[in-house]
Every structure is written in C-alpha cells, then in structure tokens.
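Visitor: So in UniProt numbering, the last spot in the sequence shown is 210, and the numbers never skip.
Heads up, the beta-carbon is just placed ideally off N, CA and C, and yes, glycines get one too.
Nothing here was measured: the structure is a model prediction, and the numbers come from that model.
I have a structure I would like to understand better, so I am pasting it below and will then ask my questions one at a time.
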Amino acid sequence: MGNSTSSSITKQDRAILQLKKQRDALKQHQKKVTFAIAHDTDLAKSAVAANDPQRAKFYLKLKRQQSDMLTKVQGQLETIEGLIGTIEFKLVEKEVMDSLQQGNQVLKELNSQVSVEKVDEIMDTMNDEQIRTAEVTDALGLGGFDYDVEDELAALEREANPPTKTSVAPPTKVAMPDAPESEPQSLPQPPTHEPQSPQKQAAAPAPLPA
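Set out below in structure tokens:
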C-alpha cells in the first residue's frame, strides 16, 4: 500500500507540498512578529509613563525592526501563495490539454475507421447486391407476381374489414285527424238567378206616390 501511494506522488505534488510547508512556517513567524511589535509598543508606553525616554527609544527601535521584518514576511507569503496558485493552475491546464489530446487521437482513429471511401464502398456493395437480387428474381420468374400479390392483399384487407352499412331510419308515421262526431253543417247554396248589372238597376223607374 505504501509503495503504490508513494509512486502516485509526482514531482509537482512534492513541489507544491514543500511550498505549502514554507507558507505555513511564514504564517507562524508572522504571528510571532506581530505579537513582538505589540509587546514592544506596550513597553515603550510604560517607559514613557515612567519618565524613561532612553528605554522608550530602545523599545521603539525594536518595534521598527520587527515592523520591517513583518513587511518582508508578508512579501514572501504573497510570493509563495502566488507560486502555489500558478503551479496548481498549470497542472489543471495540463490535465485539460492531455484530455483534449487524447480525445483528438480517439477522433482521428474513428475517422480513419469510418472514412468517406469506406462508406462509398459499402454503398456500392449494397447497390450491387440489390441488382443481383433483382436479376435472380427475374430469372426465377418471381417478378411478375407483384401485381397479383398486391391485388390479393387488397382483397384480403377488404374481407377482413368489410365496409359498414349505413343504418336507414324507419319512416315516421303521420297521425291522421279523428273523424268528427257531429254531422257536418250544410254549406250555403249559391243564388240561382243571375245578378243584375248596375246599369239595369239604375234604369228601373221609381214607384209613384199614392
């Protein structure tokens, strides 16, 4: 188990691990320097309160030295962290490039196996086989049965699915009126004499007075 784990670690992994260890050590040193600066500041304040300017200057000089060291430590931290980020990004970029290269190689192999020439060759072979099949069919005299088979198939389909007859509705019965119970009244008879014209009526003399 140990040998397989150690063999899987690359040089890049070791370099990144070493840089991260240096980064962690600088962070610990940064904390110590920051604490020392705060401590020297407190001692300088105490010396000023004790009216001891010489001792106050001494602690202030120590504080200045610690501040310069802190600036250097921060710069080294930024450099190491930037280097770690760059290496990790390059590793990811390399993995992407390797994947692209492998994919391109697979694509080339597939294209070589399925070329345009091979596709044309397969299509030509299929056409030749179809032509041969048609020639064999004609030679055996089986080609003339196509129309008969189609007609027989249509007849079987009509037999299996006969046309449905449309239902005719029965004639509706018309109700006749009932016969009247009372005898029918006689209609008025037309006049027998011929009606006089208006001219004859006007010519008739008026009766004489008595």
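Can you check whether the CB of Gln76 is closer than 7 angstroms to the CB of Leu26?
Guide: The residue given as residue 26 occupies position 26 in the sequence shown. The residue given as residue 76 occupies position 76 in the sequence shown. A contact, by the Cβ cut-off of 7 angstroms.
Visitor: If we require 3 or more residues per run, which beta strand (DSSP E) segments fall completely within the region 87 to 121?
Guide: none
Visitor: Buried or exposed: Lys108, going by 16 or more other Cβ atoms within 10 Å of its Cβ?
Guide: On the sequence shown, position 108 is the one that residue 108 refers to. Exposed: under 16 other Cβ atoms inside 10 Å.
Visitor: Does the Cβ of Lys31 have 16 or more other Cβ atoms within 10 Å, making it buried, or fewer, making it exposed?
Guide: The residue labelled residue 31 in the question sits at position 31 within the sequence shown. Flag for Lys31 reads exposed.
Visitor: Under the three-state reduction of DSSP, which class applies to Thr164: helix, strand or coil?
Guide: Start at 1 with the first residue of the sequence shown, and residue 164 comes out as number 164. Here Thr164 sits in coil by DSSP.
Visitor: For Ala36 and Gln66, which I take to be in contact (beta-carbon distance under 8 angstroms), what is that distance rounded to the nearest angstrom?
Guide: Residue mapping note: residue 36 aligns to position 36 of the sequence shown, counting from 1. Residue mapping note: residue 66 aligns to position 66 of the sequence shown, counting from 1. Yes, they are in contact, since the Cβ atoms of Ala36 and Gln66 sit about 5 angstroms apart, within 8 angstroms.
Visitor: What residue range is occupied by the uninterrupted alpha helix (DSSP H) comprising Ser8?
Guide: Here residue 8 refers to the residue found at position 8 when the sequence shown is read from its first residue. Taken as a continuous stretch (DSSP letters only), Ser8 belongs to no alpha helix (DSSP H), as it is neither H nor E.
Visitor: Rounding to the nearest angstrom, what Cα-Cα distance links Arg132 and Met126 in this structure?
Guide: Residue numbering aside, residue 132 sits at position 132 when the sequence shown is read from its first letter. Residue numbering aside, residue 126 sits at position 126 when the sequence shown is read from its first letter. If I take the Cα positions, the gap works out to 10 angstroms.
Visitor: Could you tell me the alpha carbon to alpha carbon distance between Lys72 and Asp42, rounded to whole angstroms?
Guide: Your numbering for residue 72 matches position 72 in the sequence shown. Your numbering for residue 42 matches position 42 in the sequence shown. Linking Lys72 to Asp42 through their CA atoms gives a straight-line distance of about 23 angstroms.
Visitor: Is the Cβ-Cβ distance between Asp40 and Leu70 less than 7 angstroms?
Guide: Here residue 40 corresponds to residue number 40 of the sequence shown, with the count starting at 1. Here residue 70 corresponds to residue number 70 of the sequence shown, with the count starting at 1. No; because the gap between Cβ atoms is not below 7 angstroms, this pair is not in contact.
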